[in-house]
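Undergrad: Could you have a look at this structure, given as structure tokens, before my questions?
Number of protein chains: 2
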Amino acid sequence: MTFVNVGTLGAQPGKRDELIAQLTRPSSVLADIGCLAYEVGADDTQPDTVFVMELWKSAEAHRASLSLPEVQAQIAEARPLLSGDFGGFRFDVVGSPLHH
Amino acid sequence: MTFVNVGTLGAQPGKRDELIAQLTRPSSVLADIGCLAYEVGADDTQPDTVFVMELWKSAEAHRASLSLPEVQAQIAEARPLLSGDFGGFRFDVVGSPLHH
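Here it is in structure tokens:
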């Protein structure tokens, strides 16, 4: 079953765009390890929040990605830009009206 | 800019699967009006919640969809199954590490 992970990442004041730049840097790893979609976004009514939507081949593929050196390095690089406010949710996909 | 809408829909006790069945019924309309992805999901630790992740060509395409007869009919059909608890968030996509 494919797996969705969506999140809101609080950024330190004025650091949202720098965080977005990091998260949208081309990655040669993600697609190979089962990431089907990784969309990064913003909402101008929330200037200190970065939004992420990820679609993975499985919950396991997502979990395994977190221990990859490249991903660990990205998390470490982003940490100083984060405020510590996190939100979001995760779920297993059970169907879609667009494809069967 | 593409647009993401993610949500958690509270279902009346025991009605989650019926709500999922409704939301995953094949739709011939969504793709034509700019819906790029519409994934419906569940999380067994939250038995009364249905999760939705939608990716649209634009915020405007999403907004316009809400007034379509087919979509209005679906909302009316789902209403008795809903508990009234809603969550989630929306954002404009500004980039992705997977495609440039």
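Here the protein sequences line up with chains A and B, keeping their order. No gaps in the numbering here: position 2 of the first sequence is 2 in the working numbering, and each next residue is one more. No gaps in the numbering here: position 75 of the second sequence is 175 in the working numbering, and each next residue is one more. C-beta atoms are modelled at their ideal positions from N, C-alpha and C, and glycine is treated no differently.
1) So HIS200/B contacts chain A; which residues on that side make the cut at Cβ distance below 7 Å?
2) Whole angstroms is fine: what's the gap from PRO186/A's alpha carbon to VAL29/A's?
3) Note down, in chain order, all residues in the region 4-35 of chain A with a beta-carbon under 8 Å from any beta-carbon belonging to chain B.
4) Any idea what DSSP makes of ARG25/A, helix, strand or coil?
5) If you check the beta carbons only, do PHE89/A and VAL6/A fall under 8 Å apart?
6) What residues from chain B crowd round GLU77/A, counting only those whose CB sits closer than 8 Å?
7) Could you pull out every residue in the same chain whose Cβ sits closer than 6 Å to the Cβ of PHE191/B, ignoring the five residues on either side in sequence?
8) If the cut is a Cβ gap below 7 Å, which residues of chain B does ASP48/A touch?
9) What is the C-beta distance between VAL50/A and ALA42/A, in whole angstroms, given that I count them as a contact (C-beta under 8 Å)?
10) Please classify SER183/B as buried or exposed, where buried requires at least 16 other C-beta atoms within 10 Å of its C-beta.
11) Return the CA-CA distance between LYS15/A and GLY114/B, expressed in angstroms with no decimal places.
12) At 9 Å on the CB atoms, spell out the chain A contacts of LEU182/B, in chain order.
13) How long is the line joining the alpha carbons of GLU60/A and ASP32/A, rounded to whole angstroms?
14) Where SER196/B and VAL40/A are concerned, what is the direct C-alpha to C-alpha distance, given to the nearest angstrom?
15) Under 8 Å Cβ to Cβ from GLN22/A, same chain only, skipping five residues before and after it: list those, please.
16) Can you tell me which residues form a DSSP beta bridge with ARG190/B?
17) Exposed or buried, LEU9/A, counting other C-beta atoms within 10 Å across all chains shown (16 or more means buried)?
18) Using beta-carbon positions only, say whether SER65/A and MET1/A come within less than 8 Å of one another.
TA: The structure says:
1) Numbered from 1 along the second sequence, position 100 holds the residue referred to as residue 200/B. Neighbours of HIS200/B on chain A, chain order: PRO26.
2) Here chain A covers residues 1 to 100 and nothing more, so residue 186/A does not appear.
3) VAL4, VAL6, THR8, ILE20, LEU23, THR24, ARG25, PRO26, SER27, LEU30, ALA31 and CYS35
4) The residue given as residue 25/A occupies position 25 in the first sequence. Of the three classes helix, strand and coil, the one that applies to ARG25/A here is coil, per DSSP.
5) Translated into the one-based positions of the first sequence, residue 89/A becomes position 89. Translated into the one-based positions of the first sequence, residue 6/A becomes position 6. Contact flag set, yes.
6) Stepping through the first sequence from its first residue, residue 77/A is reached at position 77. Those do not exist, as GLU77/A stays about 13 Å from chain B at its closest Cβ, beyond 8 Å.
7) The count along the second sequence starts at 1 and reaches residue 191/B at position 91. Cβ neighbours of PHE191/B beyond the five flanking positions: VAL104.
8) Residue numbering aside, residue 48/A sits at position 48 when the first sequence is read from its first letter. In chain order: nothing, as chain B lies at least about 13 Å away.
9) Residue numbering aside, residue 50/A sits at position 50 when the first sequence is read from its first letter. Residue numbering aside, residue 42/A sits at position 42 when the first sequence is read from its first letter. With a Cβ gap of about 7 Å, VAL50/A and ALA42/A count as contacting.
10) Here the question's residue 183/B lines up with position 83 in the second sequence. That one is exposed.
11) As a working note, residue 15/A is residue 15 in the first sequence. As a working note, residue 114/B is residue 14 in the second sequence. Using only the alpha carbons, I get a separation of about 44 Å.
12) Within the second sequence, residue 182/B is the residue found at index 82, counting from 1. Ordered by position in chain A, no residue passes the 9 Å Cβ test against LEU182/B, which lies about 17 Å from the chain.
13) Translated into positions along the first sequence, residue 60/A becomes position 60. Translated into positions along the first sequence, residue 32/A becomes position 32. If I take the Cα positions, the gap works out to 14 Å.
14) The residue given as residue 196/B occupies position 96 in the second sequence. The residue given as residue 40/A occupies position 40 in the first sequence. When rounded, the distance between both Cα atoms is 6 Å.
15) Position 22 of the first sequence, counting from 1, holds the residue named residue 22/A. Result list for GLN22/A: GLN74, GLU77, ALA78 and LEU81, in chain order.
16) For the purposes of this step, residue 190/B is taken as residue 90 along the second sequence, with counting starting at 1. Answer is ASN105/B.
17) Here residue 9/A refers to the residue found at position 9 of the first sequence. By the 10 Å Cβ count, LEU9/A comes out buried.
18) Within the first sequence, the letter at position 65 stands for residue 65/A. Within the first sequence, the letter at position 1 stands for residue 1/A. The answer is no: Cβ separation not under 8 Å.
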